[in-house]
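Undergrad: Provided herewith is a single structure, encoded as structure tokens, for subsequent inquiry.
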Amino acid sequence: MSTATIALTNQRIQRSPGHTATIYLKEAKYEFLKNLRLRMYTASVLSFPIMFYVLFGLVLNSKEAIGGTAVPKYLIATYGTFGVMGASLFGTAAGLASDRGLGWLQVKRASPMPPFAYFVAKVVTSMIFSTIIVLALFTLGIALGGVRMPLADFARLLGTLAAGSLPFSAMGLALGYFTGPNSAPATINLIYLPMSFCSGLWVPFMFLPKVVREIALVLPPYHLSQLALGIVGAGRHESNATHWEVLLAFTMICLGVARIGFQRDQGKMYG
Amino acid sequence: MMIANMEQPVTTPESAHAADSDLIVASLEGVNKNYGDVRALRGVEFRVRAGEVVALLGPNGAGKTTAVKLLLGLMQPNSGRVRVFGGDPTNPENRRRTGAMLQVGRVPETLRVREHIDLFSSYYEKPMPSAEILAAAGLEKLSDRKFGDLSGGQRQRVLFALAICGDPDLLFLDEPTVGLDVEARRLLWDEIRRMVARGKTVLLTTHYLQEADALADRVAVINQGEIIAQGTPAEIKAKTSGKRIRCITSLSVASLRQISGVTDVKEDREAVEIHAVEAESVVRELLARDAQLSGLEITSAGLEEAFLALTQGKYAKRKSFQLNSAN
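So the sequences go chain by chain: A and B. Numbering-wise (our numbering), the first sequence opens with residue 155 and increments by one. Numbering-wise (our numbering), the second sequence opens with residue 3 and increments by one.
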């Protein structure tokens with residue numbers, strides 16, 4: 155069995171770089187199309203942050219400000235974080251848990267697909283959907299909420315939120331390895347909704363009870379939202395380096411957990 | 003362990019291996035596989051030679067799928083050796099030369115047939131042209147359909163298409179026709195025969211004796227994790243042509259068991275059910291012993307009875323007990 159593990163890690167199929175690139179591109183393209191056509195995914199992941207933004211940022215409070223930042227601008231940062239988190243968690247965990255639990259991943263593993271392509275496709279797809287959500291919020295905010303910022307700030311905000319997809323994709327891969335096909339969506343909601351609330355993505359952070367604000371300091375969405383709020387001039391002015399470090403550490407831990415799940419599956423597979 | 007190798011007397015594994023090494027493309031050698039306390043495979047010896055179609059025949063839970071997954075390198079045996087193309091089945095290079103049709107609970111439903119084929123074809127160095135794949139799997143008219151909109155038989159044909167798209171030398175088909183109606187089954191059989199005609203080696207699993215008979219050069223019967231017989235379909239059919247005799251008689255079960263050719267006797271309400279290798283001699287004997295005998299019925303034994311017939315001998319008691327308790 156140890157020889158098999160060595161064979162798995164050391165032996166790679168010899169392919170031209172062009173062929174390898176083609177496989178990665180196709181894997182990502184079809185992962186994107188698969189999710190785009192999945193109403194379950196687009197309806198919840200894309201429309202919730204956008205609907206919330208329209209309701210609370212444009213219809214109800216558009217003339218108000220939170221700590222000197224206009225509400226439509228503030229909420230792009232927080233609902234942007236919320237959207238990125240949902241797109242990334244559902245985009246990775248739900249699909250992986252279903253593919254693993256219902257046999258599809260075995261068909262792929264029995265083929266000469268490079269295993270890494272499968273994961274990269276999920277992460278890239280999550281990042282693309284995250285970008286779509288943030289761009290939709292930008293468009294609505296500019297057109298209907300009077301949001302004005304230097305172009306460079308829009309670019310920085312988009313880049314930050316898109317990069318912020320990575321820790322949640324890593325978390326999704328870890329969850330996908332340790333949940334079943336039926337329990338995955340419920341488990342994701344059980345983690346994602348309370349985490350969003352405690353991190354100040356629904357109710358501005360300063361209005362949260364003190365105990366919740368203390369919990370927030372260990373939650374990754376808090377750190378991503380603070381990076382985003384910093385760009386729109388509404389952050390709590392903590393060190394950006396600390397926020398990035400927490401997100402990086404969280405990503406590494408989740409990838410470590412996902413790796414344990416991956417190796418467990420290589421060794422034994424039921425069914 | 004019963005290794006009934008029909009072509010040649012059983013020799014030591016080393017000498018058999020040396021003689022056939024250039025011909026054998028896949029083998030399980032003394033393989034044991036457990037899932038916790040469940041022994042899925044016990045000391046399985048099984049070889050697939052280049053160019054032949056082998057059927058692994060057995061009831062559900064016999065260990066067929068486990069054997070296929072071991073050969074695909076999707077899991078590891080607890081002991082014994084699994085070889086494909088003379089190497090470890092987890093060697094990624096082997097995967098370019100093999101294709102697999104597995105039993106899948108859910109395939110991504112929002113992708114179209116041609117998109118699934120396009121993606122899987124991209125994994126291989128020299129895939130078949132997609133028009134050829136669609137034709138071979140009978141999917142020409144369905145290529146724009148989403149997988150979720152297909153019927154059961156059409157879905158099986160897509161999985162078949164994904165198995166053959168890399169033009170593999172060795173094809174694993176795990177219960178390719180399970181859940182299909184007669185028409186769809188015959189279509190898939192034709193498609194499998196076309197692959198065979200192109201010189202492919204095929205290992206298929208099935209629980210239909212008829213399917214093994216229709217497709218295979220050689221059949222290995224597997225039950226409860228053990229290979230209990232191997233041979234040509236004709237040889238297996240000859241061994242499994244048992245009959246079931248049902249009648250109402252005053253003879254005791256013990257005395258019925260004494261009749262030569264009787265393999266098993268069960269009481270069933272007012273009647274008895276007698277399993278026999280062949281019906282004629284047993285019926286003659288029954289009528290001679292009990293002139294009052296009535297309600298005589300003779301039917302061909304099903305696959306399960308066939309296993310009983312095959313396992314007569316030193317395993318008979320244990321096997322019949324296990325089969326009965328499973329009913």
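All C-beta atoms, glycine included, are put in the ideal place defined by N, C-alpha and C.
(1) Determine, using beta carbons only, whether serine 124 (chain B) and serine 132 (chain B) come nearer to each other than 8 Å.
(2) Cutting at 6 Å between CB atoms, please list the residues of its own chain near glycine 387 (chain A), excluding the five before and the five after it.
(3) Looking at phenylalanine 174 (chain B) and valine 160 (chain B), is the spacing between their C-beta atoms short of 8 Å?
(4) Since threonine 112 (chain B) meets chain A, which of its residues come closer than 7 Å, beta carbon to beta carbon?
(5) Under 8 Å between C-beta atoms, does alanine 139 (chain B) make it to chain A?
(6) Would you verify that the beta carbon of serine 252 (chain A) is, or is not, closer than 8 Å to some beta carbon of chain B?
(7) Count the other CB atoms, across all protein chains shown, that sit within 10 Å of the CB of alanine 231 (chain B); report buried if there are 16 or more and exposed otherwise.
(8) Does any C-beta atom of chain B lie closer than 8 Å to the C-beta of glycine 257 (chain A)?
(9) Along chain B, in chain order, which residues have C-beta atoms closer than 7 Å to that of proline 203 (chain A)?
(10) Starting from asparagine 341 (chain B), follow the beta strand (DSSP E) in both directions and report where the run begins and ends.
(11) I'd like to know if the region 59–67 of chain B and the region 77–84 of chain B are in contact, where contact means that at least 3 CB-CB pairs between them fall below 8 Å.
(12) Between the region 259–271 of chain A and chain B, which residues of the former have a C-beta closer than 7 Å to a C-beta of the latter?
(13) Please list, in chain order, all residues of the same chain as leucine 73 (chain B) whose beta carbon is under 8 Å from its beta carbon, the five residues on each side excluded.
(14) Use the C-beta contact count for valine 184 (chain B): other C-beta atoms within 10 angstroms, 16 or more gives buried, fewer gives exposed.
(15) Could you tell me if glutamine 158 (chain B) is buried or exposed, where buried requires 16 or more neighbouring beta carbons within 10 angstroms of its beta carbon?
(16) For valine 400 (chain A), I'd like the list of residues in its chain whose CB is within less than 6 Å of its CB, leaving aside the five on either flank, ordered along the chain.
(17) Which of helix, strand or coil does DSSP assign to serine 252 (chain A)?
(18) If the cut-off is 8 Å on Cβ atoms, which residues from the region 173–187 of chain A count as contacting chain B, listed in chain order?
(19) Closer than 8 Å, Cβ to any Cβ of chain A: which residues of the region 32–51 of chain B, in chain order?
(20) Have a look at arginine 114 (chain B) and aspartate 146 (chain B) and give me their C-alpha separation to the nearest angstrom.
(21) Excluding the 5 residues preceding and the 5 following glycine 45 (chain B) in the sequence, name in chain order all residues of the same chain whose CB lies nearer than 8 Å to its CB.
(22) Pick out whichever of B:Gln226, B:Ile224, B:Glu127 and B:Ser262 has its Cα sitting closest to the Cα of proline 171 (chain A).
(23) Give the straight-line distance between the Cα atoms of lysine 245 (chain B) and glutamate 54 (chain B), rounded to the nearest whole angstrom.
(24) Since leucine 104 (chain B) and glycine 330 (chain A) are thought to touch, with beta carbons under 8 Å apart, how far apart are those beta carbons, to the nearest angstrom?
(25) Alpha carbon to alpha carbon, how far is tryptophan 191 (chain B) from leucine 295 (chain B)? Give it in angstroms, no decimals.
(26) Does the CB of isoleucine 282 (chain A) have a neighbour CB from chain B at under 8 Å?
(27) Determine the burial state of aspartate 39 (chain B): buried for a count of at least 16 other Cβ atoms within 10 Å of its Cβ, exposed for fewer.
(28) From the beta carbon of valine 106 (chain B), is the nearest beta carbon of chain A less than 8 Å away?
(29) Using C-beta distances below 8 Å, list every residue in its chain close to glutamate 193 (chain B), excluding the 5 sequence neighbours before and after it, in chain order.
(30) Hey, could you find the ends of the alpha helix (DSSP H) lysine 180 (chain A) is sitting in?
(31) I'd like to know whether the C-beta of tyrosine 210 (chain B) is nearer than 8 Å to at least one C-beta of chain A.
TA: Looking at the coordinates:
(1) One thing to note: serine 124 (chain B) has its Cβ no nearer than 8 Å to the Cβ of serine 132 (chain B).
(2) Closer than 6 Å at Cβ, skipping near neighbours: Thr223.
(3) No, they are not a contact pair.
(4) Within chain A, the residues near threonine 112 (chain B) are Lys188, Arg191 and Leu192.
(5) With 8 Å as the cut-off, alanine 139 (chain B) does not count as an interface residue toward chain A.
(6) Judged by the 8 Å Cβ criterion, serine 252 (chain A) is in contact with chain B.
(7) Within 10 angstroms of the beta-carbon of alanine 231 (chain B) lie 16 or more other beta-carbons, which makes it buried.
(8) Cβ-Cβ to chain B under 8 Å: yes for glycine 257 (chain A).
(9) The premise fails here: proline 203 (chain A) is roughly 22 Å from chain B at the closest Cβ pair, so nothing lies under 7 Å.
(10) Not covered by the structure: residue 341 (chain B). The range shown for chain B is 3 to 329.
(11) Three or more Cβ pairs closer than 8 Å define a contact, and the region 59–67 of chain B falls short of that threshold against the region 77–84 of chain B.
(12) Taken in chain order, the members of the region 259–271 of chain A whose beta-carbon sits within less than 7 Å of a beta-carbon on chain B are Gln260, Val261, Arg263, Ala264, Ser265, Pro266 and Met267.
(13) These residues qualify, in order along the chain: Ala28, Leu30, Val84, Val86, Pro91, Phe174 and Leu205.
(14) With fewer than 16 other Cβ atoms within 10 Å, it is exposed.
(15) When all chains shown are included, glutamine 158 (chain B) counts as buried.
(16) Answer for valine 400 (chain A): His377, listed in chain order.
(17) Residue state, collapsed to three classes: helix.
(18) Listed in sequence order: His173, Thr176, Ile177, Lys180, Glu181, Tyr184 and Leu187.
(19) Flagged, chain order: Tyr37.
(20) Within the model, the alpha-carbon separation for arginine 114 (chain B) versus aspartate 146 (chain B) is close to 6 Å.
(21) Excluding sequence neighbours, glycine 45 (chain B) sits near Met3, Gly32, Val33, Asn34, Gly82 and Glu228.
(22) When B:Gln226, B:Ile224, B:Glu127 and B:Ser262 are compared, the shortest CA-CA separation from proline 171 (chain A) is found for B:Glu127.
(23) Just so you know, the alpha carbons of lysine 245 (chain B) and glutamate 54 (chain B) end up roughly 31 Å apart.
(24) Rounded, the Cβ-Cβ distance is 20 Å, inconsistent with contact.
(25) Between the alpha carbons of leucine 295 (chain B) and tryptophan 191 (chain B) lies a gap of roughly 45 Å.
(26) No, because no Cβ of chain B sits closer than 8 Å to the Cβ of isoleucine 282 (chain A).
(27) When all chains shown are included, aspartate 39 (chain B) counts as exposed.
(28) Residue contact with chain A for valine 106 (chain B): present (Cβ-Cβ distance below 8 Å to some residue of chain A).
(29) So the list reads Ala138, Ala139, Gly140, Arg159 and Phe162, once near-sequence residues are dropped.
(30) For lysine 180 (chain A), the enclosing alpha helix (DSSP H) covers residues 171–190.
(31) For tyrosine 210 (chain B), the closest Cβ of chain A is not nearer than 8 Å.
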